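Okay, structure first, notes after.
Residue numbers (my numbering): 97 to 234.
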């Protein structure tokens, strides 16, 4: 047990920077990257008995971290996003798809007509096109 604690202490000192760099590269913010690196070392502490030395400690820790990152994104994908605007709730299902009876219709009736040939559409497009910032336009 004492040897394992020394190993973990050494691993924290040796691998924290690399693990953090990897997590920061894969995750949307600093705090989350820090949390998952910390969770990685906690999981390693709990599972140190299962480390048989068949791989390097670095490989083992990165494997744990990668599973933590995958679990984060899996959980995020499976979360339902609540409607921020109550008026939108009448158009969308809780998981975000269109309600069947609220799907938007075609923008124009004539398949032959090009939308940019429609005077009303062009007027609205011109009105709002220049309200976007250059970053959004690109």
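Ideal Cβ placement from N, Cα and C applies to all residues, glycine included.
Everything numeric in this text was worked out from a predicted model, so none of it was measured.
Out of the options, point me to the one whose CA is closest to residue i's CA.
i, options, result
"residue 141", "104, 211, 188 and 217", "104"
"residue 190", "175, 215 and 219", "175"
Would you decide whether residue i is buried or exposed? Buried here means 16 or more other CB atoms lie within 10 Å of its CB.
i, result
"residue 169", "exposed"
"residue 223", "exposed"
"residue 115", "buried"
"residue 213", "exposed"
"residue 111", "buried"
Cα separation between residue i and residue j?
i, j, result
"residue 107", "residue 154", "8 Å"
"residue 217", "residue 200", "16 Å"
"residue 220", "residue 185", "26 Å"
"residue 166", "residue 127", "17 Å"
"residue 139", "residue 182", "41 Å"
"residue 121", "residue 101", "29 Å"
"residue 144", "residue 198", "54 Å"
On the DSSP letters alone, give me the boundaries of the alpha helix (DSSP H) that residue i sits inside.
i, result
"residue 158", "153-174"
"residue 198", "Where residue 198 is concerned, there is no enclosing alpha helix (DSSP H), given that its DSSP letter is neither H nor E."
"residue 137", "126-142"
"residue 148", "It is not in any alpha helix (DSSP H) - residue 148 carries neither H nor E in the DSSP assignment."
Next item on the list: Examine the Cβ distances between the segment 127-141 and the segment 152-166 and report whether three or more of them are shorter than 8 Å.
Entry: yes
Checklist line | At least 3 beta-carbon pairs within less than 8 Å: the segment 194-203 vs the segment 139-155 | finding: no
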